[in-house]
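Residue numbers (the working numbering): 1 to 492.
Before any comments, here is the structure.
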């Protein structure tokens, strides 16, 4: 998953970053009506307000503006912002505008009709294991049977065929990695442009072209995280003779690379793309192996976006976080009532991993974030294997490949990667790896149901069919270990 470094300044030399998001969501699953949501001035998030006070008058920040799309449009608000001399780029499906503005311009933007909130564009970081992108790493030949996905495929003849699975992550290497090859396995592979010059438009410099670069054989620039995640969800195991096959090997992967260093606006742009193209690729589920820290806020731009995605019939799956075993450490994006949050366990047969990362006699990974005992919101939805997962290696995944090397090349390592396959596979641990197991199960369920399941039905079925985990409470593991065989069997 990704973690927001809340204690670290978000300032960059000469620039700063904001996001103005467009529709405030209530704490319930339904979006509030637009009535009584307007005030004389929009809310400026406290962190952003602090940045504005510290900034020089001529400093500019890339920000996010949230507007009420029930009363206005992104084009109208963006035009008004550009009329102030600031730069702006509106998304097409979500009520957000990326803005480059001075402190004075931000204050004026807050008074524009329809603007609801202005938020900082906080930085996020991909974490494949607790403490950073370093692998501890579970073998797919162990983790897939642990959740009975292999049995589900055999009994019901499903592989995720025809179901679009969006991987919103660092990218997918579909050029080198045949298991997730573009365009046969990864049917669309794109990169979100993160250069301000390519994204922001001014009155005197109109927007030209898209903020997406599509049809890339390899959208994985340097991290490797997204390729590994995609292999778990839908890799076909070709390069390992089927040994390291993902959960839904017949699904159609859509890789959405949001940058090696992820900021909120790029994630929002990724969700916007999913909504633009959900019918083109029959997208039924989106995997999010990233997140942040702090309390759940329904007005957070990411939560506003995921609620819109959910309402459009796409299941949203999020990593629970890697900040365990302490309580109240969950990724707040994973506890939204409309989202499926995934905790990490060891595989049933991985006894060495259990000794290293799981409590004696237990299955829950020590690093998996915990919720709050008895709280109706702060708990994972389900649990899936996330310790010692071997999956696809990206040729351009320098970060993950470097951090994984001590395990990949050590024959005594608890990873257990077979050396004849080391060129194409690597180890990693984290709720990042647990999450795509569930995403793959959703694809199997949707194929069985003919794509008719609504996100709330998917969530309910996963909860109802999960295997209880003895010795653990709901705030730790949710309903328990996901059971693909039962979930798929009840998906009609």
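Even for Gly, the Cβ is constructed at its ideal location relative to N, Cα and C.
The structure displayed is predicted, hence computed values, not measured ones.
ask   = Considering residue 281, what are the terminal residues of the beta strand (DSSP E) in which it resides?
value = Element bounds for residue 281: not the beta strand (DSSP E) but the alpha helix (DSSP H), 264-281.
message = Between the stretch 173-193 and the stretch 44-57, can you find at least three pairs of beta-carbon atoms closer than 8 angstroms?
response = no
request  = Taking 8 angstroms as the threshold, find out whether the stretch 368-376 comes into contact with the stretch 311-324 through three or more Cβ pairs.
outcome  = yes
request  = In angstroms with no decimal places, state the Cα-to-Cα distance between residue 193 and residue 256.
outcome  = 11 angstroms
request  = Starting from residue 89, follow the alpha helix (DSSP H) in both directions and report where the run begins and ends.
outcome  = Not the alpha helix (DSSP H): residue 89 falls in the beta strand (DSSP E), residues 87-90.
ask   = Of the residues 278, 466 and 449, which one's Cα is nearest the Cα of residue 158?
value = 449
query = What do you reckon, are the CB atoms on residue 80 and residue 200 nearer than 8 angstroms?
reply = no
key: residue 390 versus 384, 425, 383 and 238, residue with shortest Cα-Cα distance   = 425
query = Taking Cβ positions, are residue 144 and residue 233 nearer each other than 8 angstroms?
reply = no
query = Alpha carbon to alpha carbon, how far is residue 292 from residue 183?
reply = 32 angstroms
message = Quick check: residue 263 and residue 87, are their CB atoms within less than 8 angstroms of each other?
response = no
inquiry  = Please report the straight-line C-alpha distance between residue 383 and residue 435, rounded to a whole angstrom.
reply    = 9 angstroms
query = Roughly how far, in whole angstroms, is the beta-carbon of residue 271 from the beta-carbon of residue 121, given that I think they are within contact range, below 8 angstroms?
reply = About 15 angstroms; that fails the 8 angstroms criterion.
request  = Using DSSP bridges, identify the partner residues of residue 427.
outcome  = 390
key: Extent of the continuous beta strand (DSSP E) to which residue 385 belongs   = 382-385
query = Counting Cβ pairs, one atom from each stretch, are 3 or more of them under 8 angstroms apart for the stretch 416-431 and the stretch 462-479?
reply = no
message = Classify residue 396: buried if its beta carbon has 16 or more other beta carbons within 10 angstroms, exposed otherwise.
response = buried
ask   = For residue 345, does the count of other Cβ atoms within 10 angstroms reach 16, so buried, or fall short, so exposed?
value = buried
query = For residue 341, which three-state DSSP category applies?
reply = strand
key: Nearest-angstrom beta carbon gap, residue 445 and residue 487 [assumed within contact, 8 angstroms]   = 6 angstroms
ask   = What's the call for residue 209, buried or exposed, on a 16-neighbour Cβ count within 10 Å?
value = exposed
query = Is residue 463 helix, strand or coil by DSSP?
reply = helix
inquiry  = Rounding to the nearest angstrom, what Cα-Cα distance links residue 492 and residue 453 in this structure?
reply    = 8 angstroms
task = Spatial neighbours of residue 111 within its chain, please: CB distance less than 6 angstroms, with the 5 preceding and 5 following residues excluded, ordered by chain position.
result = 41
query = So, are the CB atoms of residue 314 and residue 283 less than 8 angstroms apart?
reply = yes
ask   = Buried or exposed: residue 380, going by 16 or more other Cβ atoms within 10 Å of its Cβ?
value = buried
ask   = How should residue 197 be labelled, buried or exposed, when 16 other C-beta atoms within 10 angstroms of its C-beta is the threshold for buried?
value = exposed
task = Thinking residue 247 and residue 437 are a contact (beta carbons under 8 angstroms), I'd like their distance in whole angstroms, please.
result = 6 angstroms
inquiry  = Let me make sure I understand the geometry here. Which of 400, 334, 85 and 458 has the alpha-carbon closest to that of residue 223?
reply    = 400
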